[in-house]
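Numbering follows this note's numbering, with no gaps: position 13 of the sequence shown is 69.
Yeah, the Cβ is synthetic: ideal placement off N, Cα and C, and Gly gets one too.
Being a predicted model, the structure only gives us computed values, none of them experimental.
Inspection log for the structure reproduced underneath, given as structure tokens.
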Amino acid sequence: MTDPADAQSRTRRSSLDMPAEEFRALGHALIDDIASFYESLPGRRLTDASTPEAIRALLGQRDLPDSGEQADALLQEVAPLLFDHSLHNGHPKFLGYITSSAAPLGALADLLAAAVNANVAIWDLSPVASEIEAQTVRWIAELIGYDPDCSGIMVSGGNMANFHAFVAARTAKAPWDIRKLGNGGGEQPLTVYVSTETHTWIEKAVDVCGLGSDAIRWIATDRNGHLRLDRLRLQLDEDRQSGCLPFLVVGTAGSVSTGAIDPLRDLASLCREEDIWFHVDGAYGAPAACLPEAPADLRCLSLADSIAVDPHKWLYCPIEAACVLTRHTSALRSAFSFHPDYYHFDESQLSATNYYELGMQNSRGFKALKVWLALRRAGRQGYCDSIRDDIRLARALFTGVDEHAELQAHSINLSIACFRYVPPDIAADDPGAAAYLNDLNKALLQELQSGGHVFLSNAVADDVYLLRACIVNFRTRDEDIEAIPDIIAALGRRLDRAMRPANLARDPSAS
Ligand SMILES: *Cc1c(COP(=O)(O)O)cnc(C)c1O
């Protein structure tokens, strides 16, 4: 007698499955399309600047499909949809935010990782993937000059990497059992010290972890955007006297606005004296620590208790890929590990890492693969060359801007150059001009972004609205950079003619 359920399973044919022959054909065709897309990038508009309504219209207003469609038709529809209506951060003149060109090898790695579908929560579910993740963490540490024997985990982005360090610091430094008793388990309120340039992750972290935004002490920066140590010392003294418990200082290695690097060495010694966890947000700048000529403060990342690094920024990996490292090898496990009954492990496998114990996620994708392959493909040398080139190009842009009569250079740090358009007949320091120059540069950026030829973003420093180019783009070349000052000046001139208010009327004697 055959079991009827058995007979059914022999004939089962789910629409989610795909015969190998079909996969091969669709895969080859898709890879061909992607290769042509990569080739076409330099000639494409950076963005088609569509409105949300227009993009929604492309998708059509339809309900969840009741019956399925053919996979080949779907891919033929969706590939051009994405190629033609995305913002192309892989374009050589995309210099906006801190979003890099993604290495094509990373796309193949993500495909491979998805095909094997390793669940890097538990070693038993992902033996090779877990070991590759461990090696990736080690190599990232080696690259940036951190202790290779540190503990670490791959996460989705810089925010998450910083969050993990925050939670590890809180668990390590609270003198009570914070995992059991919570933030209120002691008399003293936990306080954290960051510069005013710190990325918004810190606000989300204190919020989500229940400390509340009052736990943040915003420390002023100097004119160059560096955290002021004298102010930090004063604030620490004041807080200690009033019974607070300072547990965390954050230094930034490459601020998100101007790329400024905090005085990391001095911060590290102060934190050691004060018994405070010192975390470095290196989401953007940490990879540049691989350069022997990197700024001295960037070369002392090894002094940090923990570091956030973002391979989907300056290691050119496709989004998402980030990493948190800490030289306190049990800190992540102490902060995140639970041992539920349904995870029963062979006690002989003590050397195996079950990554669910080191972070917030349970089921986890294999993000390490794209980073591991990129590190092997480029090697330390390849990364140093590419990062150095990005920095060189940012400096070239800064010089080009500085030499241009209509542009005013502001700052250059790592690969971030900030500047603005200033009509030559307006004195930039004339207080009457300040608001107009901000409006003019805002409008200029808007036009530039929707124009689709060059993509920059902005920074605001001391109430001055700046155009900001961040080069984390291995496709950017000298000729791309050389073209930018004139493109911006021409646009600025046109907007200035249309926007100039009467009180700043052109001086007819000026040309
Ligand atoms: C980008 C960035 C972040 C946030 O990283 P995501 O990957 O966007 O989550 C945090 N800090 C700094 C300094 C950054 O540059």
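As assigned by DSSP and simplified to three states, the class of F394: coil
Where does the unbroken beta strand (DSSP E) through F422 begin, and where does it stop? Segment: none, F422 is in no beta strand (DSSP E) and carries neither H nor E.
Return yes when the Cβ of A515 is within less than 7 Å of the Cβ of S313, no when it is not. yes
Throw me the rounded Cβ distance for the A430 and Y372 pair, which I believe falls under 8 Å. 7 Å
Y398 to N218, Cα distance in whole Å? 29 Å
Taking 6 Å as the cut-off, does the CB of N215 come closer than this to any heavy atom belonging to ligand 1? yes
Measure the alpha-carbon distance for Q297 versus A360 and round it to whole angstroms. 26 Å
Between the alpha carbons of G83 and I258, how many angstroms are there, rounded? 42 Å
Does E459 pass the burial test, meaning 16 or more other C-beta atoms within 10 Å, or should it be called exposed? exposed
Using 7 Å as the threshold, is the C-beta distance between T512 and A525 below it? According to the sequence provided, residue 512 is Leu. The question's Thr does not apply to it. Against a cut-off of 7 Å, the Cβ pair of A525 and L512 comes out as a contact.
What separation, rounded to the nearest whole angstrom, lies between the Cα atoms of K369 and I87? 24 Å
Find the nearest neighbour of L449 within the set P396, K149, Q126, judged by alpha-carbon distance. K149
Looking at V510: is its Cβ nearer than 7 Å to the Cβ of I482? no
Beta-carbon proximity list for R352, same chain, < 8 Å, skipping 5 on both sides: The sequence shown places Ala at residue 352, not Arg. So the qualifying residues of the chain are R321.
Could you tell me which whole beta strand (DSSP E) segments of length 3 or greater appear in the region 476-564? 513-517, 520-526
Please classify Y94 as buried or exposed, where buried requires at least 16 neighbouring CB atoms within 10 angstroms. exposed
Just list the residues that DSSP pairs L463 with in beta bridges. Y477
For H335, which residues of its own chain have a beta-carbon under 8 Å away from its beta-carbon, when the five flanking residues on both sides are left out? N218, A221, F222, A225, L304, V305, V306, G307, A360, D361, S362, I363, A364
Three-state secondary structure (DSSP) at A566? Note on A566: pLDDT 48, under 50, position unreliable in the model; no value is reported.
So, is N529 buried or exposed, given that buried needs 16 or more other C-beta atoms within 10 angstroms? buried
Check whether the region 435-450 touches the region 406-417, counting contact only when three or more Cβ pairs, one atom from each stretch, lie closer than 8 Å. no
Does the structure place the region 473-487 close enough to the region 372-382 that three or more beta carbon pairs sit under 8 Å? no
Residues that R273 bridges to, as DSSP identifies them: Y249
Which of the three DSSP states, helix, strand or coil, is assigned to T308? strand
Can you tell me the Cα-Cα spacing of L578 and R553, whole angstroms? Look at the range of the chain in this structure, 57 to 567, and you will see that residue 578 is not part of it.
Between the C-alpha atoms of S467 and D203, what's the straight-line distance to the nearest angstrom? 32 Å
Contact belief for T227 with A391 at Cβ below 8 Å, rounded distance in angstroms: 4 Å
By Cβ distance below 6 Å, which residues in the same chain neighbour S311 in space, the five residues on each side in sequence not counted? E253, G281
Run through DSSP, which three-state label would N173 get? coil
Delimiting residues of the alpha helix (DSSP H) encompassing D128: 127-141
Roughly how many angstroms separate the alpha carbons of K426 and P75, rounded to a whole number? 26 Å
Through-space distance from D441 to E294, alpha-carbon basis: 46 Å
Starting from S327, follow the alpha helix (DSSP H) in both directions and report where the run begins and ends. The sequence given here places Cys at residue 327; Ser does not occur at that position. Run containing C327: 320-330, per the alpha helix (DSSP H) assignment.
Starting from the Cα of G124, find the closest Cα among D73, A171, E538 and give me that residue. D73
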